[in-house]
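Residue numbers (the working numbering): 20 to 410. Have a look at the structure below before the remarks.
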Ligand code: ADP
Ligand code: MG
């Protein structure tokens with residue numbers, strides 16, 4: 020029931036083999052970057068909010084070898100190969116995935132790095148478009164690869180900025196820094212509490228082996244996802260303007276209550292979500308630090324309810340998974356469940372007792388398939404290390 024999580028070395032071995040077959044030589048450098056989930060902190064990173072993500076055990080891996088030219092050749096399973104001059108200003112490609120790489124390249128060129136040409140092969144175990152930030156992992160993996168090729172390590176804020184600018188330019192998502200930060204700087208056995216206003220981050224230990232996360236990919240993506248995402252971004256902007264505050268961090272729940280009429284029903288709900296979700300992230304970090312795992316379920320449930328009813332970005336399939344997990348409950352090994360990612364499909368996150376993972380996955384798989392006719396993809400994860408070069 021639980022899908023395999025190939026290890027980083029297994030994924031790298033696949034990349035090496037394909038590289039060998041394609042380029043008839045051996046890669047000299049391999050970079051890896053994980054996807055991410057938020058335990059708490061959805062749709063607040065673009066509102067100066069606070070978020071609590073973890074890097075997951077699913078990855079993008081890129082193996083490469085300098086080729087004594089100015090040209091980068093890059094491909095991967097099912098990808099039309101691309102070829103571009105890595106020393107020249109980057110132009111937009113008709114291939115979306117290549118644009119994420121072009122954006123990162125441009126970030127390094129703007130910092131006056133001279134990047135040598137190379138051949139490269141991409142492998143990944145992250146499902147695309149499942150709310151697990153495969154696009155971010157691709158950007159962070161490529162940025163890490165370039166760091167290796169030019170023999171530098173960028174300051175944290177530079178690397179996240181480069182990856183984020185590429186994301187913002189080439190997707191419809193006006194997202195904040197949290198995904199890039201989690202993928203680049205995640206740590207094994209830790210969550211990351213990120214203040215998206217000050218851009219400061221703290222590592223929160225999560226090292227109890229009896230607890231694990233299940234990620235359930237609903238395998239649905241509702242068509243209007245991107246448009247609705249942009250609509251929510253616009254609503255947040257309009258609500259803040261009506262509240263007449265410089266930043267969401269200056270808005271209290273009292274401000275929201277007092278301005279209910281002025282905001283109108285929809286913006287009032289959006290504002291409620293933004294303010295309460297940002298309150299929940301440090302609360303969840305505290306609860307984890309104190310080992311108070313019973314309280315985490317309530318925080319996750321409040322977050323899910325807020326996303327479903329106030330920010331209105333859930334969907335039937337996500338609500339179904341979260342409902343099934345809640346039915347299994349504490350006795351059955353579930354400590355908490357909520358949707359994760361920007362919503363309208365994608366994945367749900369369930370905090371579970373490790374020894375009951377299989378059983379929980381089996382129940383959810385069976386009930387979800389019976390109700391929707393869709394077989395979900397379920398895998399387990401623990402907090403993983405962020406982007407790095409493999410030695
Ligand atoms: P998410 O980031 O939630 O997975 P997005 O729609 O933001 O969903 O990003 C998915 C896009 O990222 C893909 O359509 C593709 O362009 C790019 N991408 C991610 N991983 C890879 C990969 N391994 N190879 C090629 N493109 C990838
Ligand atoms: Mg993405």
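Cβ atoms here follow ideal geometry from the backbone N, Cα and C, with glycine treated the same way.
Rounded to whole angstroms, what's the CA-CA distance from residue i to residue j? Just pull it up for me.
{"i": "residue 441", "j": "residue 291", "result": "As displayed, the chain neither begins before 20 nor continues past 410, which places residue 441 out of reach and without an answer."}
{"i": "residue 357", "j": "residue 324", "result": "8 Å"}
{"i": "residue 185", "j": "residue 272", "result": "34 Å"}
{"i": "residue 124", "j": "residue 109", "result": "7 Å"}
{"i": "residue 360", "j": "residue 59", "result": "10 Å"}
{"i": "residue 348", "j": "residue 377", "result": "15 Å"}
{"i": "residue 74", "j": "residue 257", "result": "32 Å"}
{"i": "residue 156", "j": "residue 148", "result": "12 Å"}
{"i": "residue 277", "j": "residue 262", "result": "10 Å"}
{"i": "residue 22", "j": "residue 117", "result": "28 Å"}
{"i": "residue 84", "j": "residue 312", "result": "46 Å"}
{"i": "residue 407", "j": "residue 390", "result": "41 Å"}
{"i": "residue 78", "j": "residue 153", "result": "8 Å"}
{"i": "residue 385", "j": "residue 336", "result": "14 Å"}
{"i": "residue 115", "j": "residue 351", "result": "42 Å"}
{"i": "residue 72", "j": "residue 302", "result": "14 Å"}
{"i": "residue 251", "j": "residue 275", "result": "17 Å"}
{"i": "residue 30", "j": "residue 167", "result": "19 Å"}
{"i": "residue 196", "j": "residue 249", "result": "17 Å"}
{"i": "residue 122", "j": "residue 97", "result": "21 Å"}
{"i": "residue 398", "j": "residue 383", "result": "12 Å"}
{"i": "residue 39", "j": "residue 47", "result": "11 Å"}
{"i": "residue 190", "j": "residue 145", "result": "18 Å"}
{"i": "residue 34", "j": "residue 279", "result": "55 Å"}
{"i": "residue 120", "j": "residue 317", "result": "40 Å"}
{"i": "residue 202", "j": "residue 331", "result": "26 Å"}
{"i": "residue 56", "j": "residue 238", "result": "16 Å"}
{"i": "residue 458", "j": "residue 245", "result": "Residue 458 is absent from the structure shown; the chain starts at 20 and stops at 410."}
Once the 5 residues before and after residue i are set aside, which same chain residues still bring their CB inside 6 Å of it?
{"i": "residue 42", "result": "138"}
{"i": "residue 132", "result": "169"}
{"i": "residue 329", "result": "288, 291, 292"}
{"i": "residue 100", "result": "94"}
{"i": "residue 141", "result": "81, 95"}
{"i": "residue 76", "result": "24, 400, 403"}
{"i": "residue 381", "result": "20"}
{"i": "residue 86", "result": "136, 137, 138"}
{"i": "residue 478", "result": "Nothing about residue 478 can be reported from this structure: the residues present for the chain run from 20 to 410 only."}
{"i": "residue 106", "result": "89"}
{"i": "residue 410", "result": "none"}
Hey, could you find the ends of the alpha helix (DSSP H) residue i is sitting in?
{"i": "residue 164", "result": "153 to 168"}
{"i": "residue 94", "result": "Looking at the DSSP string, residue 94 is not in any alpha helix (DSSP H); the run it does join, the beta strand (DSSP E), is 90 to 94."}
{"i": "residue 198", "result": "197 to 204"}
{"i": "residue 38", "result": "27 to 42"}
{"i": "residue 379", "result": "376 to 391"}
Could you round the C-beta distance between residue i and residue j to whole angstroms and report it? I think they count as a contact, below 8 Å.
{"i": "residue 355", "j": "residue 320", "result": "7 Å"}
{"i": "residue 8", "j": "residue 379", "result": "Examination of residue 8 is not possible in this model, given that the chain is present from 20 through 410 alone."}
{"i": "residue 182", "j": "residue 159", "result": "5 Å"}
{"i": "residue 333", "j": "residue 326", "result": "6 Å"}
{"i": "residue 235", "j": "residue 395", "result": "5 Å"}
{"i": "residue 136", "j": "residue 188", "result": "About 23 Å separates the two Cβ atoms, so there is no contact after all."}
{"i": "residue 200", "j": "residue 171", "result": "Going by Cβ atoms, the distance from residue 200 to residue 171 rounds to 19 Å, so no, they are not a contact pair."}
{"i": "residue 286", "j": "residue 363", "result": "About 19 Å separates the two Cβ atoms, so there is no contact after all."}
{"i": "residue 231", "j": "residue 365", "result": "With a Cβ gap of about 20 Å, residue 231 and residue 365 do not count as contacting."}
Check for me: the beta strand (DSSP E) holding residue i runs from which residue to which?
{"i": "residue 209", "result": "209 to 214"}
{"i": "residue 57", "result": "48 to 59"}
{"i": "residue 399", "result": "396 to 400"}
{"i": "residue 79", "result": "69 to 85"}
{"i": "residue 193", "result": "Where residue 193 is concerned, there is no enclosing beta strand (DSSP E), given that its DSSP letter is neither H nor E."}
{"i": "residue 299", "result": "Run containing residue 299: none in the beta strand (DSSP E); it sits in the alpha helix (DSSP H), 279 to 308."}
{"i": "residue 366", "result": "364 to 372"}
Kindly list the residues whose CB is nearer than 8 Å to the CB of residue i, restricted to its own chain and excluding five residues on each side of it in sequence; keep chain order.
{"i": "residue 208", "result": "224, 225, 226, 401, 402"}
{"i": "residue 267", "result": "63, 66, 67, 68, 255, 259, 293, 294, 297"}
{"i": "residue 310", "result": "227"}
{"i": "residue 229", "result": "372, 373, 374"}
With a threshold of 7 Å on Cβ separation, who are the neighbours of residue i within its own chain once the five nearest residues in sequence on each side are excluded?
{"i": "residue 163", "result": "50, 52, 406, 407, 408"}
{"i": "residue 315", "result": "303, 306, 307, 354, 355, 370"}
{"i": "residue 175", "result": "204"}
{"i": "residue 282", "result": "258, 261, 290"}
{"i": "residue 222", "result": "206, 209, 211"}
- Message: Going residue by residue through the segment 93 to 138, where are the continuous alpha helix (DSSP H) segments of at least 4 residues, counting only ones entirely within it?
- Response: 115 to 129
- Within the segment 323 to 362, ranges of the alpha helix (DSSP H) (whole runs, at least 4 residues): 335 to 347
- Query: Enumerated in chain order, which unbroken segments of the alpha helix (DSSP H) with a length of 4 residues or greater are wholly contained in the segment 221 to 251?
  - Reply: none
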